[in-house]
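Data first, discussion second: the structure below is written as structure tokens.
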Amino acid sequence: MLRRGKGIELKSRGEIEAMRASGLLVAKALSAVTERAEPGVSTAELDSVAESVIRDAGAIPSFKGYHGFPGSICASINEKIVHGIPSETEVLADGDLISVDCGAILDGWHGDSAVTIPVGSVGARELALSAATERAMWAGINQVAEGNRLTDISHAVESAARAAASSDGIDYGIIAEYGGHGIGTRMHMEPFLPNLGKPGKGPKLRTGMALAVEPMLTLGPPDTEELDDEWTVVTVDGSRAAHWEHTVAITEDGPWVLTAAD
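Start counting the sequence shown at 1; every next residue gets the next number (the UniProt record's numbering).
Below, the structure written as structure tokens:
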């Protein structure tokens, strides 16, 4: 049975297990896309790979048709941060860094995850950027626990990103306009989860909540702009970006990463 806690959807253990099934399917789709992502492959081909995996399992791509979005994945190459539209004419090249965001609906429950994939031989700074973004995601996930506050996650993401910037000697930009979100019977639900901020603020986290934790970092300033397609978000200065995301549920035993492969 669904309950509500201050506008945030709470799930039973059985409902979280149902979300796990959709999360595993998203993980499978992203694994197939990662294997296919190589020089000469179009982002439309990657989209087709993900959609086939999802539909073959009897599920529905969350993104396709969402507010008119035309793809089953968001494919964001290099300076594109999020919401890149798959295209037959956009072809991967050696040295590209592509972030792929994917969602699936299975039996009414959503899973949502993103990975950043190096294509061919990628530069050391780009690899460090992706690694820093992934570490920031996991730092945030570690704070998805009963009794914490929402911005404890935000602060952990920011702190990990800044620690990586210091150790890597790279002034990573942290995207503020876009962030994580609640998820369950809909893909985007309350609350919005910022990727930076002071700890100890926002709603208290409770068992049964599910959140998508998704930091985005850049190799330059965090200034963004949306392209004329009204979807694709890019860095203003053209610097490269990375995006990592997992769907995480709060259980009695701590965070359960629903979109991580077995």
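Think of the CB as a built atom: it goes at the ideal place given N, C-alpha and C, for glycine as much as any other residue.
Close beta carbons around residue i, own chain, < 7 Å, minus the five adjacent residues each side
{"i": "Arg125", "result": "Ile170, Leu219"}
{"i": "Glu225", "result": "Val234, Val236"}
Neighbourhood of residue i by C-beta, 6 Å cutoff - its chain only, sequence neighbours within 5 removed
{"i": "Pro194", "result": "Ser154, Gly179"}
{"i": "Ala199", "result": "First, the residue type needs correcting, since residue 199 is Pro and not Ala in the sequence shown. For Pro199, where only same-chain residues beyond five positions count, the Cβ hits under 6 Å are Thr151, Asp152, His155."}
Burial state of residue i, where buried means 16 or more other Cβ atoms lie within 10 Å
{"i": "Asp47", "result": "buried"}
{"i": "Thr89", "result": "exposed"}
{"i": "Glu230", "result": "exposed"}
{"i": "Leu25", "result": "buried"}
{"i": "Glu51", "result": "buried"}
Among the options, the one whose alpha carbon lies nearest that of residue i
{"i": "Ser113", "options": "Ile8, Gly208, Pro222, Met187", "result": "Met187"}
{"i": "residue 295", "options": "Ser99, Arg20, Gly14, Ser42", "result": "Since the first and last residues shown for the chain are 1 and 262, residue 295 lies out of range."}
{"i": "Leu10", "options": "Ala260, Ala261, Thr251", "result": "Thr251"}
{"i": "Glu15", "options": "Ala161, His83, Ile183, Ile174", "result": "Ile183"}
{"i": "Ala37", "options": "Ser99, Ser166, Ser62", "result": "Ser99"}
{"i": "Glu214", "options": "Val248, Glu190, Pro199, Gly200", "result": "Val248"}
{"i": "Ser62", "options": "Gly111, Val49, Ala164", "result": "Gly111"}
{"i": "Ala132", "options": "Thr232, Ile141, Lys64, Met216", "result": "Met216"}
{"i": "Phe69", "options": "Gly7, Ile54, Ala93, Ser87", "result": "Ser87"}
{"i": "Leu127", "options": "Gln143, Tyr172, Gly147", "result": "Tyr172"}
Sequence-distant residues of its chain with Cβ nearer than 8 Å to residue i (five each side left out)
{"i": "Ser130", "result": "Leu97, Thr116, Pro118, Ala242, Trp244"}
{"i": "Ala260", "result": "Gly23, Ala27, His246"}
Ranges of the beta strand (DSSP E) found wholly within the region 182-219, counting only runs of at least 3: You should have 189-193, 210-213, 216-218.
Meets three-Cβ-pair contact criterion under 8 Å: the region 74-85 and the region 199-210: With a cut-off of 8 Å, the region 199-210 and the region 74-85 do not count as touching, because too few Cβ pairs lie within range.
Given 8 Å, three or more beta-carbon pairs between the region 29-41 and the region 100-111: Proximity of the region 29-41 to the region 100-111 meets the contact definition, three or more beta-carbon pairs being nearer than 8 Å.
Contained beta strand (DSSP E) runs [length at least 3] in the region 40-94, N- to C-terminal order: Within the region 40-94, the complete beta strand (DSSP E) runs of at least 3 residues are 73-77, 80-82.
Cβ contact (3+ pairs, closer than 8 Å) linking the region 154-166 and the region 134-145: Here the region 154-166 makes contact with the region 134-145; the two share three or more CB pairs at distances below 8 Å.
Every unbroken beta strand (DSSP E) within the region 86-148, with a cutoff of 3 residues, ordered by chain: If we require 3 residues or more, the beta strand (DSSP E) runs fully inside the region 86-148 come out as 97-106, 109-118.
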